[in-house]
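Residue numbers (this note's numbering): 1 to 144.
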């Protein structure tokens with residue numbers, strides 16, 4: 001059997017949980033996740049954990065935030081005047097909005113605080129700053 005190496009096409013079934021056991025993603029009931037090992041298509045901590053594994057192998061790995069979605073970046077939080085948000089948008093904590101960067105690229109943000117004069121928006125990935133656990137099984141490997 002082929003061991004996973006950079007450049008191989010890999011398929012895995014997985015369940016991702018937070019430290020408290022909350023499931024944030026899973027391939028259960030879906031096709032396996034397919035990606036190219038070492039290509040940056042998945043978080044680096046999981047990519048590294050897969051190298052050398054073979055189809056049928058299972059593993060549970062704990063991945064620190066810096067090897068997952070990175071630490072929280074305070075620079076990605078921005079206050080916006082409340083009146084700059086259209087009135088037809090019902091503001092509530094956790095609401096996902098989309099802004100545009102100065103270059104015109106779409107950027108998802110989350111409402112994290114609602115003040116009387118200002119709304120705080122956060123462009124960090126929802127899993128930034130969180131350590132993650134992945135329980136996964138290698139389904140197949142296609143060598144490059």
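Each residue gets a CB set at the ideal place from its N, CA and C atoms; glycine is no exception. Just so you know, these numbers come straight off a predicted model, no measurement behind them.
First through last residue of the alpha helix (DSSP H) which encompasses residue i
| i | result |
| --- | --- |
| residue 16 | Here residue 16 belongs to no alpha helix (DSSP H); instead the beta strand (DSSP E) covers 9–18. |
Member of the options whose CA lies at the smallest distance from the CA of residue i
| i | options | result |
| --- | --- | --- |
| residue 75 | 32, 140, 43 and 123 | 123 |
| residue 100 | 109, 94 and 93 | 109 |
| residue 141 | 25, 36 and 31 | 36 |
CA-to-CA distance, residue j to residue i, given in whole angstroms
| i | j | result |
| --- | --- | --- |
| residue 19 | residue 71 | 15 Å |
| residue 44 | residue 105 | 25 Å |
| residue 115 | residue 97 | 17 Å |
| residue 125 | residue 102 | 19 Å |
| residue 9 | residue 111 | 37 Å |
| residue 39 | residue 113 | 36 Å |
Chain B contact for residue i (CB, 9 Å cutoff)
| i | result |
| --- | --- |
| residue 73 | Absent from the structure is chain B; it holds one protein chain and no more. |
Coil, strand or helix - residue i by DSSP
| i | result |
| --- | --- |
| residue 44 | helix |
| residue 55 | coil |
| residue 50 | helix |
N-terminal and C-terminal residue of the beta strand (DSSP E) that residue i is part of
| i | result |
| --- | --- |
| residue 78 | 77–81 |
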